[in-house]
Amino acid sequence: MTVTDTPFAGGVVGEARLRKEDPALLTGEAKFIDDLELPGALWVACVRSPHAHARINGIDTSDALAVDGVIAVYTGTDLADTWAAPLPCAWPVTDDMKNPDHFPVAQGKANYAGDIVAVVVATSRYAAADGLEGVVVDYEPLDAVVSVEDAESDRVVIHEDLGTNVSYEWPLIPDPEGVDAAFEAATHHVTETYVHQRLIPAPMEPRGVAVVPAPHNGDMTLYSSTQIPHVLKVMAALTLGVPEQKLRVIAPSVGGGFGCKLNVYAEEILCMALAQRHGVPVRWTESRTEAAGSTIQGRAQRQTIELASDADGKLTAVRATLLADMGAYLQLVAPGVPLLGAFLYHGLYDVPFYSFTCKSVFTNLTPTDAYRGAGRPEATYAIERAMDALAVAVGVGTDEIRSRNFIPTEKFPYDSPAGLVFDSGDYQPALDRAKELIGWDTRMAEQAERRAAGSTTHLGLGISTYVEMCGLAPSRVLASLNYAAGGWESATVRILPTCKIQVVTGASPHGQGHETCWSMIVADRLGVDPDDVEVLHSDTAISPLGMDTYGSRSLSVGGTAIWMATEKVVEKAATIAAHMLEANPEDLELTGGVFSVKGSPEAEVPLAGVAFAAFTAHDLPDGVEPNLEAQVTWDPPNFTFPFGAHIALVEIDEATGAVDLVDYAACDDCGNQINPMIVEGQLHGGIVQGIAQALWEEAIYDEDGQCRSANLADYLVPSAAECIDMKLDHTVTPSPTNPMGVKGIGEAGTIASTAAVMNAVVDALRPLGVTEMAMPASPMAVRRAIEAAGGGAS
Amino acid sequence: MPGTPLLEVGRLVHMTPWGFVMEVSVTVNGEVRTVDVEPRTLLAHFLRDELGLTGTNIGCDTSSCGACTVLVDGRSAKSCTMLAVQVDGADVTTIEGLAGKDGLHPMQEAFHECHALQCGYCTPGMVMAAVSLVDEYSDLDADGVREGLEGNLCRCTGYQNIVKAVLAASE
Ligand code: FES
Ligand code: FES
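For the protein sequence lines, the chains are A and B, in the order given. Each residue of the first sequence is one higher than the last, beginning at 1 in the working numbering. Each residue of the second sequence is one higher than the last, beginning at 1001 in the working numbering.
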């Protein structure tokens, strides 16, 4: 099913409209968490274990307490009675999943370098830092588990009471016999193993927390640099045992999240507890280096993927097996991250038989959780790299192997072998367009020439196509996956007496431009200026209902709620307008901000007149309440399935192993676009983040579990100098699952680009016999791969 | 200025239980500000906590990200890498001092026009670095902008629109 008509008539949606968020951010007017002025606030600093695994035999706080400005120091034991529950994991993916108790301050044992073992409360930022140095902890270091293989072996069991390091195993094998038979009958059987290194999300704003208590009436306001003020409110109330109606959570301006601010963190609950205890505001701001041990990391899994195909390379089965690193504890949605990819290891290919199994283990490393794409970059990487291996086995081009296997357009909506229904898709045009943008044929010819001439500067072209499931998520589907919450979103649209508009959203933006886009959606329908629409968000007192921002859900779920609330308020306004015009509501249409009677355009009343009439309420039709306001909570019937094709061109110097990214082209399809400028911006940033996994970034841990790339000098977030201009285009295949036909674009770039670059790197080095390449493909990794393949100049 | 011995640039005022504090007198966004500070106070913290100019952000502790970039005597400097006492007598411009009475500075305008910001956290530092870069080099091309902004990290934009904005503003 395809929706051919655009549902937008107002001329606003679809414009590359500049963002209304910008002026505050460009001038320093915007307030991030550390910018908040909180007179009299106490500063918190956390004493973190320097050991990955150690028994705590004693803590001496006397020197710290003697530091000027230090008010108090608490250990895990001191605070043991404070918590109503351990820090939450909201996604117990199996009934027998093992989940160790995780408290804001460790008691008895530290399980990773970064685990909080004590906390200093002081009158200033500097005094709190001084206090840290005075806390003396008597550690007894234990053997650390740093690899998933070591974890799986249970050589050292980290959480003794669980008896094992394995948290859960989760299989998805709809037809096991079918899979086995397909592999038996296969002409080609490709087996590949990949490692997704640990990544540090590194939003430019570190995290921070501030809590303002009102000791006499019991109110408490929690400010946090979070993506999820609404989810946090529920979880914080439960974890600390404070009444939810007394708790208000505010996410001020948030400087990026990328999944790492989609969590309930120790410091949030800790600051609440300390504010309660001291009766004054309490605040904490993360330092960058501290973040390696205080904020979740991403990816960290080992994958095996097997493809079965016939002689022509037509896929008959896909089997994927994962070993995923949860880190020391289960953070909010960590166990579910592999599941978000579990359904997509066959990519956008039409495959009859499918098998997926994931085992997740604990290590003595920083906990992992959702990082931009969460599960889907991993899945895309596996299938897209393996498709290149299959192309080589079959002896066809990497473009051709994909074209042969794309789900045919006429099969949509497509019943996937993993049990999903893909909403809409048309994959070949996206690949064709990406090839055109990169100049595929010319580049292939250039590569052949260089190879024939024996050049040691190798060109490589890598494709990654992708389909993702986003728009998290139908609540019933989440229930079937054991997720502890729903996937709906809430919106309110209010037409004020002066015909200015207030919109309240439960999505919680941190760079995505919701204020601009939501204004456009509402303005397009109401016929008002988008600047007359104000979008309120990220404060649970103003926007009490919400499920927040992650999983490319904001537009397809939150935006749809905005659309529907707008329709609902228009319906009410039409009733009043009809009364004013002595007409039937069904005969009215709203265009350009004016209600008129279809067929007799002279009978009209402007929306502004209706808004004022709704406010004065002097003459409303019977049974109609005053004012114009509508609230909607939208629970999507299905995920949405954006797709696209990305192609990277790299040049590799055989002697140094240096990879130079020469060109990058992509054609993406996120359905109807609200603001193409913002779509492109999301792609730019997303693509670079994925390229960074391929070429530069890695949280490097040594055998003792120490992070050797904890700060931004050692962890290689790319600068402008490493990046290039990307060539982007799009196709439009609207989603039939929501009225706007939108899909989502926040994660697409990251999902596609890692595999495109790595395929290009391997393609470049194929004449040297290279078939495997570790990420990041640093000069050292490249040289190692060339040497392992026994080829190349030295 | 970096490397200048502390006692030559600030004036010892008095002892406190925390040690001595020094008087720093600095012109910030055109206004002379005279404040007593602990000598160890970073310029970034001085601007943010003492003067309330929170537009200057802090994104790292290794002088890597550039979120804290301000202009000291017209040239970009990472304010997390300087002590407040080092700017005694200097002229400092922060992001708050960039927009004039007639609206945004051309560099801010270009960032807006080119969608060169998303979360906006890197933006004040990026804009200040870009202002200094454009001021210093008259014939910038894209590569020059990319090299020139190497010390400023942005996690959101992939830099494509930032480069576009800086080039637009340099014309
Ligand atoms: S905060 Fe100054 S360079 Fe990062
Ligand atoms: S806009 Fe978010 S870090 Fe640059």
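Glycine is no exception: its CB is placed at the ideal position from the N, C-alpha and C atoms.
If I measure Cβ to Cβ from residue i and keep anything under 7 Å in the same chain, skipping five residues before and after, which residues do I get?
i       : result
A1067/B : N1057, I1058, G1059, Y1121, C1122 and G1125
C1154/B : C1122, M1126 and I1162
L339/A  : V93, W170, G375 and L481
R385/A  : E192, Y194, A755, M758 and N759
V1032/B : S1025
L307/A  : V190, L315, V318, A386 and L390
A578/A  : N584, P585 and L588
L1051/B : V1028 and R1033
L36/A   : A210, Y223 and P252
Return the first residue and the last residue of the alpha helix (DSSP H) that residue i is part of.
i       : result
F1020/B : Not the alpha helix (DSSP H): F1020/B falls in the beta strand (DSSP E), residues G1019 to V1028.
D180/A  : P176 to A185
S519/A  : H514 to L526
T656/A  : That residue, T656/A, is in no alpha helix (DSSP H); it is neither H nor E in DSSP.
T289/A  : R288 to S294
V1127/B : T1123 to E1136
S1170/B : Q1160 to S1170
Considering only residues of the same chain and omitting the five flanking positions on each side of residue i, which have a CB-CB separation below 6 Å?
i       : result
M1/A    : Legend: pLDDT at M1/A = 32, less than 50; position of this residue unreliable, value from coordinates given subsequently. Closer than 6 Å at the Cβ level, and outside the excluded window around M1/A, lie P736.
T1034/B : S1025
T1027/B : D1091
R807/A  : Lying outside 1 to 794, the shown extent of chain A, residue 807/A is not represented and no answer is given.
M1001/B : Only weak support is given to the placement of M1001/B: the predicted model assigns it a pLDDT of 42, under 50, and the question is left unresolved by the model.
T1054/B : R1048
Which same chain residues, not among the five before or five after residue i, have their C-beta less than 8 Å away from its C-beta?
i       : result
A85/A   : L238, T239 and G241
G1003/B : Confidence in G1003/B is poor, its pLDDT being 45 and thus under 50, which makes the residue's placement too unreliable to answer from.
R708/A  : I700, Y701, D702 and D714
A781/A  : G657, M773, A774 and M775
Y1159/B : R1146 and L1149
R17/A   : T516, M520, P530, N675 and M677
Which residues of chain A have a Cβ atom closer than 7 Å to the Cβ of residue i, listed in chain order?
i       : result
C1065/B : M204 and L712
A1099/B : T27
With residue i and residue j assumed to form a contact (beta carbons below 8 Å), what rounded beta-carbon distance in angstroms separates them?
i       : j      : result
P171/A  : T357/A : 5 Å
G313/A  : V396/A : 6 Å
G76/A   : V47/A  : G76/A to V47/A, Cβ: 10 Å. No contact.
C1119/B : V249/A : Not a contact, Cβ separation roughly 19 Å.
A251/A  : S224/A : 6 Å
H188/A  : A393/A : 5 Å
Identify every residue that forms a DSSP beta bridge with residue i.
i      : result
I116/A : R48/A
A122/A : W43/A and V70/A
C797/A : Residue numbering for chain A in the displayed model covers 1 to 794; residue 797/A lies beyond these limits and cannot be assessed.
S253/A : F32/A
A645/A : T465/A and C667/A
I501/A : I495/A and V533/A
L459/A : E651/A
List, in chain order, every chain A residue whose beta-carbon is nearer than 9 Å to that of residue i.
i       : result
P1124/B : L25, L26, T27 and G28
R967/B  : The requested residue 967/B is not part of the displayed model; chain B covers only 1001 to 1171.
E1171/B : Within chain A, no residue comes near E1171/B; the closest Cβ sits about 18 Å away, beyond 9 Å.
G1055/B : T27, G28, E29, A30 and D35
Identify the contact partners of residue i in chain B, using a Cβ-Cβ distance below 7 Å as the criterion.
i      : result
C46/A  : By Cβ distance, chain B contributes nothing, its closest Cβ being about 15 Å from C46/A, past 7 Å.
I687/A : G1158
H684/A : T1157, G1158, Q1160 and N1161
H510/A : C1119
Return the first residue and the last residue of the beta strand (DSSP E) that residue i is part of.
i      : result
W284/A : V282 to T285
M494/A : Here the sequence assigns Arg to residue 494/A, which means Met is not the residue at that position. Its beta strand (DSSP E) spans residues E489 to I495.
D797/A : This structure cannot settle anything about residue 797/A, because the visible part of chain A is limited to 1 through 794.
Y223/A : D219 to S224
S600/A : S600 to P606
H730/A : K727 to H730
Whose Cβ in chain A lies nearer than 8 Å to the Cβ of residue i?
i       : result
V1163/B : A720 and D725
L1104/B : P23, L26 and T27
Quick one: list the residues of chain B neighbouring residue i, beta-carbon separation under 8 Å, in chain order.
i      : result
M677/A : H1115
V254/A : C1119
L18/A  : H1112, E1113 and H1115
Mind listing the chain B neighbours of residue i? Cutoff is C-beta to C-beta under 9 Å, in chain order.
i      : result
S287/A : I1058, C1060 and D1061
Against chain D, with Cβ distances strictly below 8 Å, would residue i count as a contact?
i      : result
G599/A : Note that chain D does not occur in the displayed structure, where the protein chains are A and B.
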